[in-house]
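Residue numbers (the numbering used here): 808 to 1121.
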């Protein structure tokens, strides 16, 4: 059953998710629109700015431009998939499911750079209910699907570029080797997800994870791998936030500043310090909650055993 106390969290999840979907669709459309115009020679003005973002030769497939394209496609697909998952939970999940899976839902939002939905989720009560959905399953389903489509989408985008370019090959062996390495990684990511992720859409996935069988161990292993990657993403966000804070601190002591500029830099650093501390607190809370062992959130195998025993007794 739902209670009015969960309304605030549900509203913020839906609003922030819709905003994320609209924003990423706009940015991706903007990027690919200019990319198409750039490739067709229809862009005027300062081409140096565009050349830092768009590829115009096979040689660029071995540079940072390829990485930029990968980030664009992965951001698009992961944002769409994860936000759809968040909206589905907020609109159709029970209060018990929302509470039991709050840490995994926070991971989905934080991995996209969102903070409003995770902050609202942390206020939900801790619960030991045996929800029909499970944190591990949630992460594999949505992050795994997002990464799978991101890898496939990137390969398609690269193939599209190669069809649009007039170059006949790589200018250097280094560029070709870099391109081959990137494509290999993308193919591995896509293949890994294509093999494993569909199994987690099975309605009996949670039952399989509970079972102390070879199949259950396999489910728990795969889900733990994805959860480890998700945790690494959260740690990277902490590192990036700290680096941005250090950069803001360094601007205070930059040369050729007047008193007003110094004041603005100090003010900016103060705000960033508050924001960084909040992000660190939020992310560490989510990581701790995600890996807690006393509840049926992620890897509490004894808890799974107790649940199975209770079902047998009933």
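Where a beta carbon is used, it is the ideal one built from N, C-alpha and C, also for glycine.
So for residue i, helix, strand or coil by DSSP?
i            : result
residue 979  : coil
residue 825  : helix
residue 1098 : coil
residue 848  : coil
residue 890  : helix
residue 860  : coil
residue 830  : helix
residue 953  : helix
residue 869  : helix
residue 898  : helix
residue 817  : helix
residue 939  : Note that residue 939 has pLDDT 42, beneath the 50 cutoff, so the model's placement of it is unreliable and the number below is only indicative. Looking at residue 939 - three-state DSSP - the assignment turns out to be coil, as it is neither helix nor strand.
residue 984  : helix
residue 1075 : helix
residue 972  : coil
Expressed to the nearest angstrom, what Euclidean distance is found between the alpha-carbon atoms of residue i and residue j?
i            : j            : result
residue 839  : residue 878  : 13 Å
residue 822  : residue 891  : 12 Å
residue 977  : residue 966  : 15 Å
residue 997  : residue 959  : 6 Å
residue 1038 : residue 1025 : 20 Å
residue 944  : residue 1013 : 7 Å
residue 1036 : residue 850  : 39 Å
residue 1063 : residue 1069 : 10 Å
residue 946  : residue 847  : 40 Å
residue 963  : residue 1097 : 34 Å
residue 1061 : residue 1001 : 50 Å
residue 1092 : residue 845  : 44 Å
residue 864  : residue 1027 : 44 Å
residue 1053 : residue 820  : 31 Å
residue 1021 : residue 911  : 25 Å
residue 861  : residue 842  : 6 Å
residue 1081 : residue 876  : 32 Å
residue 991  : residue 957  : 14 Å
residue 903  : residue 915  : 18 Å
residue 913  : residue 887  : 15 Å
residue 857  : residue 874  : 15 Å
residue 906  : residue 815  : 13 Å
residue 1011 : residue 1032 : 20 Å
residue 939  : residue 968  : With a pLDDT of 42 at residue 939, under the threshold of 50, the predicted position of this residue should be treated as unreliable, and no value is reported.
Report the residue from the options whose alpha carbon sits nearest the alpha carbon of residue i.
i            : options                   : result
residue 882  : 866, 850 and 955          : 955
residue 985  : 972, 1062 and 866         : 866
residue 950  : 889, 988 and 909          : 889
residue 961  : 989, 899 and 981          : 989
residue 868  : 979, 818, 1052 and 953    : 979
residue 952  : 969, 1003 and 841         : 1003
residue 893  : 825, 1070 and 858         : 825
residue 817  : 898, 848, 864 and 861     : 898
residue 880  : 895, 993, 1029 and 1040   : 993
residue 1042 : 902, 1058, 842 and 1083   : 1083
residue 1072 : 1058, 1081 and 1085       : 1058
residue 982  : 871, 836, 813 and 1095    : 871
residue 900  : 970, 813, 843 and 914     : 813
residue 1051 : 1040, 1066, 1029 and 1086 : 1086
residue 948  : 895, 906 and 969          : 895
residue 1045 : 828, 830, 1090 and 971    : 1090
**Request:** Please go through the segment 993 to 1065 and give each complete alpha helix (DSSP H) segment of 4 or more residues, from N-terminal end onward.
**Result:** Within the segment 993 to 1065, complete alpha helix (DSSP H) segments of at least 4 residues are found at 1012 to 1017 and 1021 to 1059, given in chain order.
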